[in-house]
Amino acid sequence: GWVMGGDALKNFAEPHSNVYLVRELLAWGDSIKLRYGETPSDSPYLWTYMKEYTEQMARIFHGFRIDNCHSTPIHVAEYLLDCARLVREDLYVVAELFTNNEETDNVFINRLGLNSLIRESLNAATSHELGRLVYHYGGDPVGSFIHWSSSELHPYRPHALFMDVTHDNPSYLEVRTAQAMIANAAVVLAGSNACGSNRGFDEIVPHNISVVNESRRYCSWSDIKSVDKDYVSFHNGLLKFKEVMNRFHIQLNNDGYNQIFVDQRTPEITVITRHKPENHESYIVIAHSAPNKEYLYHCVRDVTVEVEGMFEDLVLEAYIEKDDEKVYTRDDDFINGAHTYSVVINEHVAVENSLFCSILTHNEKDYVLLRNFPPGSVLVLKYMQKPEAQSSIAYLRSQLEPTNKSLDFLDDLSLSDFNYVLYRCENEEKINGVGGTYDIPGYGKLVYAGLQGIFSLLRKVRLNNDLGHPLCKNLRQGDWLIEYIIRRLNNNEKTKCLGEWFEGLLHCLKCLPRYLVPSYFEAIVSFAYEACLNSIFEKMSVFVRGGSVMVKNLALGSVQMCGIEDQSILPPVPFCDNLKITMAAGLPHFSSGFMRCWGRDTFVSIRGLLLITGRFQLARTLILAFGGALRHGLIPNLLSGGTHARYNARDATWFWLKAVKDYVQMSDESVQFLHAPVQRMYPTDDSEPQCSHMQPLQDVIHEIFQRHFEGVCFTERNAGIELDEHMSDDGFILGIGVDESTGFVYGGSKYNCGTWMDKMGSSKCAGNHGVPATPRDGSAIEIVALSHLALSWLVEMNERSFYDYSVVRKSNPLGETVWSYKEWRDKIQNNFEEKFFIQKDSTESMIHKREIYKDTVFSSLVYTDFQLRPNFPIAICASSSLFKPDHVDVALKKVEQYLLGPLGLATLDPEDWNYNGCYNNDFDNNDYKTAKGFNYHQGPEWVWVLGPFLRAMWIFAKKSMKPIEDVRQRIYEILSNHKRELLHSDWAGLPELTNKNGELCHHSCPTQAWSMASILEVLYDIHQQ
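Under the working numbering, the first residue of the sequence shown carries the number 37, and numbering increases by one thereafter.
Structural data, given as structure tokens:
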């Protein structure tokens, strides 16, 4: 038996079940439920007996039907089918499975390897419901998207074996009519699904044939019409009609008519179109049912069916008629059908001789007119595309062949041109004087104005074959979207050639039936998109060109983030004419105006997005441009063209120095870059912006070390609400210096936040207005390590005579203090582990976790020194020689245990009292910790810091005795989430951050430069090994 509404995955015969006690079981009278237990050892005899029985059946039969599969213990069925397939590996398994949940169906399908699910036409109470089932299981919708790649995986509904009736069903004559039998048989056979029936349906047996109590025999077959009661032939019942329709069903499937459309013209007239996507020919099946005897007197006249294309053939006319003079008599010896019914069939009828229809054209539209179409009638017509549509389709297909070279001109575009072709969010478009991204009625604006915005949505629509999506509706209703693409591309002189290519295909689209426009539009966009990607990758490094799909998707972040935005230009760079290409920190929040160019973000990202991808010229320009804006010994944070720069970041300078080192080591220019000319805007701290002062890059570098060693204290220019409306007056006072006892760079105060954790409180309601959430003043661990990295490299450059400077000096009350770069480096080396690592037996106060590295030392808020944050892996990647391998091993395990999320690392230990993993910048209340997003860096999981964590794992795996392959696989396992994110994100990128446990954060940038860059660095470093 079975349980109405029960959980199909639970075995109701097991001890935990109360089904029998509360009488929920719909019991069968002719069978009992066996209790197998969980394993063969629970009932050895039963499992062995059924195993041998199943194997015997598999030797005899090519297929099994699992009856009542939803009440069969799934582990038992799994075991027995595995045994059967050892006997017959190509066993066909069809199941009667009704769980009322497609996800649960899929569990059975996947675990049992089901080939088909039985579906019953009599389960449809109306013709409309039957048509819905045929549409659901009978093939892809007409106009479905073209799957050009055979390797691309697409979700499919379970394959159906659609039955006229099964042994469980009553006869149609008991519940409906003979006219419903022929109509419904035609509808079932019109789908591309498998079809089946139970003996007796074709012969119109007017009662259910009991599989338990029936003792009579079936009639034998005769090739000729027989009067003997024990024979049947094509002259009986529906047999000839079913034979003709079965041939038709097989022909359509063999010839590739695998798309379907169902139109319910009246409550009982169903129109089914079977469509061949290769040439867009169609067969149309029209069936008129009768739900009851009263309806038989209802004759439909002058019903029109609109069709697309040219009429070619009236393939079939059929109708059922009854001989009222004959009376059905139940035979005592044989199962006999109602011979009172017969079917009249006419094939390939001249349309003027049709009993039922005419072919009409009105206002350039084509129709089938059903003049006199009684219940129990069936029509089959064939249509083909009109000549103009045929030629347009042929031309479009030729243009979209993989071997077609019509887009070779893309090789002449630059990567910044491709930024315009593929990307550009709403803010970027508007600030450049363009209207913005395309707005789809009923859906909303696309995320990009370029092809990526369209492709990202089309990919999802295509994957689900969602022809009802507002995008498809928009495409069927008009050509606005492709005209938007053309107009936008033509507005840019460099991309006009691509606009003209789209324009050349627009005429062909206009010649197609509108239901085909979405599929061909998708094919055109996808073809152009893939051609753009191929051209982009050819302009990138060998690593990217030969890289995995994930490597290439990450490398596209370089094109996504680097483009021309008219209000964001770089300071002057000698011998560089193009200063308009800048790197956005993230989209869309950091895409335009003064919020676009961040020194910190640019130089954290530069190795991943520019150097690894081979974009050395742009990297060089950005390094020299920011270097030219040096002031107070600091690289600016917010650039604003250099004229309105902010110098409120203590770490941007050190990330800039690392970028210089990376450029020298990775580019062909090599050490000569240290002598490249820099055009200084501010030769002194108090200079007005100018463009006449030149000096070599090495002088700029040395000035950084000299100014830090001397110590600097200044108040930001234009301090006040116009510069930062939330900061207190004390927050605008900035200081940097070097601790003489340790060599550690220090700076900041409890009133400002000078590292990447830079959230300034803004809630007056909660009382955090003007309070930095994470000041990280004192010596931040990543800044100390970055300074050590730069010093170590410059010592080497000086020793090899590539760099002229080796000492820094400053005045003091006793005279002058002089340090060599080497001495400074060694001070850091000698003090680092002692000051930063928290030993297992440490007795320092305010310790929260041991065997980790402190986040800062010498902070004014002492407890924050001891917080577990994701910054020390950044320090490891910068200068791994500072760290002891055994300390790193245990500290990284703590990061993985406490901070690792699906996409990023939590910015604070979840066991810290300040932790809150959900960021909402808009919500204001009286909660000091979260109001107005105060917890920006107090728990949410940032993606970019995962990169240094994984690279730190890799660096020390190579240094330790750990199996390096195990570490590699663990890294790839963690990055599998990022691979999925890149494929599924509308923005085609990795987000700035997520909320706790990887939950979506609506206030995060959905794609961020340093997120993409840092993950690409991981893959590059592993590849280099």
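Every residue gets a Cβ at the ideal spot worked out from N, C-alpha and C, and that includes glycine.
- Around the beta carbon of His324, 16 or more other beta carbons lie within 10 angstroms, which makes this residue buried.
- Asn146: member of the alpha helix (DSSP H) spanning 138 to 148, first to last residue.
- By DSSP's assignment, Glu746 forms no beta bridge with any residue.
- In this structure Val416 touches Val351 by the C-beta definition: roughly 4 Å separates them, less than 8 Å.
- Counting along the chain, no alpha helix (DSSP H) covers Gln974, and no H or E run does either.
- Sequence-distant Cβ neighbours of Trp1023 in its own chain, meaning closer than 7 Å and more than five residues away, are Val483, Leu623, Pro1042, Thr1043.
- Exposure of His398 is indicated by the presence of fewer than 16 other C-beta atoms within 10 angstroms of its C-beta.
- For the beta strand (DSSP E) assignment, the uninterrupted runs of no fewer than 3 residues enclosed by the stretch 750 to 794 are, from N- to C-terminal side, 769 to 774, 781 to 783.
- Approximately 5 Å separates the beta-carbon atoms of Arg460 and Ala485; this is inside 8 Å, confirming the contact.
- Contact check between the stretch 694 to 709 and the stretch 918 to 925: fewer than three CB pairs, one atom from each, fall below 8 Å, which does not count as touching.
- An exposed status is given to Lys401, since fewer than 16 other beta-carbon atoms sit within 10 Å of its beta-carbon.
- For Tyr208, the uninterrupted alpha helix (DSSP H) run begins and ends at 208 to 211, by DSSP.
- Here Arg987 is near Val1054, since their CB atoms are less than 8 Å apart.
- As for any beta strand (DSSP E) of minimum length 3 sitting wholly inside the stretch 505 to 545, there is none.
- Inter-residue distance for Val585 and Gln731 is about 43 Å (C-alpha atoms, whole angstroms).
- Counting only runs of at least 4 residues, the stretch 424 to 478 fully encloses the following alpha helix (DSSP H) elements, listed from N- to C-terminal order: 451 to 458, 462 to 467.
- For Ser1021, same chain residues with a beta-carbon under 8 Å away, outside a window of 5 residues either side, are Ser492, Pro1027, Pro1042, Thr1043 in chain order.
- In the DSSP annotation of this structure, the continuous segment of the alpha helix (DSSP H) that includes Asn289 starts and ends at 275 to 290.
- Going by beta carbons, Glu977 and Leu1029 fall inside the 8 Å limit.
- Contact between Arg155 and Glu114 is ruled out by a C-beta separation of about 23 Å, above the 8 Å threshold.
- In this structure, the beta-carbon distance from Glu870 to Ala927 does not fall below 8 Å.
- One alpha carbon belongs to Leu499, the other to Ile218, and they sit about 36 Å apart.
- His52 counts as exposed, since fewer than 16 other C-beta atoms from the protein chains shown sit within 10 angstroms of its C-beta.
- Within the stretch 550 to 613, the complete beta strand (DSSP E) runs of at least 3 residues fall at 598 to 600.
- Rounded to the nearest angstrom, the gap between the Cα atoms of Val130 and Gly99 is 8 Å.
- Note that the stretch 517 to 528 does not touch the stretch 589 to 601; fewer than 3 beta-carbon pairs, one per stretch, sit closer than 8 Å.
- For Glu353, there is no enclosing alpha helix (DSSP H); the enclosing beta strand (DSSP E) has its first and last residue at 346 to 358.
- The C-alpha of Met576 lies about 29 Å from the C-alpha of Ser676.
- As the crow flies, the alpha-carbon of Ile737 is around 15 Å from that of Glu746.
- The shortest CA-to-CA distance from Leu406 to any of Trp516, Phe662, Lys418, Ser390 is the one to Ser390.
- Between Val893 and Ser815, the CB-CB gap stays under 8 Å.
- With a cutoff of 8 Å on beta-carbon distance, Asp813 and Ser706 are scored as not near each other.
- Annotation note: the stretch 357 to 410 contains the following uninterrupted beta strand (DSSP E) runs of length 3 or greater, listed N- to C-terminal: 377 to 385, 393 to 398, 401 to 406.
- Here Thr140 has Ala44 as same chain residues with Cβ atoms under 6 Å from its own Cβ, once five neighbours each way along the sequence are excluded.
- The C-beta of Gln513 has fewer than 16 other C-beta atoms within 10 Å across all chains shown, which makes the residue exposed.
- From the listed residues Val587, Val854, Val609, the smallest Cα separation to Ser1012 is found for Val587.
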